[in-house]
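Numbering (our numbering), first residue to last: 11 to 196.
Even for Gly, the Cβ is constructed at its ideal location relative to N, Cα and C.
So the structure is just underneath, and the comments pick up after that.
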């Protein structure tokens, strides 16, 4: 048993000393698994629209398409408003813009390694709000843990775990954060 323990220690010693592998792999996994998911979701919400209460026309790239955003983000409130964008209170417009742009910018920041820890914490909040919306607004079953079934809660916990790795470890050496990190002099 001691020989096996020594072999394991020798094989994995390089990973214990260097702190680059885990955050780098976490960012690559995020890119491969989640980036395009969030980017596609962002794309379903972007279009020209006018904020009727303020009579402001906002260009294509700055604001979400109200109908798409409201159906996805506030399904019950939008249904209660008779699917009339103009009947939605202004706070919903503000939240739609913030949520839509968070869905685009936070993943981009994570991939670039820019404000990685804050972006990962923001994405954790985003995933929690998204899960709440799925369960309360879209009536998707949350499921339960430890039941041998892949359910919404299981999936979202894996997402959050990956984001926690980035929040705790940072982006690693191949990042914009590292370029601008304060230098320590010893």
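- If you check the CB distance, residue 179 and residue 33 come in under 8 Å.
- One Cα belongs to residue 188, the other to residue 36, and the distance between them is close to 16 Å.
- In terms of CA proximity to residue 170, 141 leads the group 150, 193, 141 and 146.
- For residue 166, the enclosing alpha helix (DSSP H) starts and ends at 162 to 179.
- Counting only residues of its own chain and dropping the five nearest sequence neighbours on each side, residue 182 has a CB closer than 6 Å to the CB of 30, 33 and 34.
- Take residue 132, set aside five residues on each side of it, and the residues of its chain with a beta-carbon closer than 6 Å to its own are 116, in chain order.
- Assignment of residue 155 by DSSP, reduced to helix, strand and coil, places it in the coil class.
- Here the alpha carbon of residue 103 sits roughly 60 Å from the alpha carbon of residue 16.
- Under the Cβ criterion (8 Å, minimum of three pairs), the region 37 to 53 counts as touching the region 120 to 129.
- In the DSSP assignment, residue 102 falls within the alpha helix (DSSP H) that extends over 100 to 122.
- Residue 87 sits in a helix when the DSSP states are folded into three classes.
- A direct Cα-Cα distance of roughly 11 Å separates residue 159 from residue 165.
- Under the 10 Å beta carbon count, residue 167 is surrounded by fewer than 16 other beta carbons and is classified as exposed.
- CA-CA distance, residue 147 to residue 80, rounds to 11 Å.
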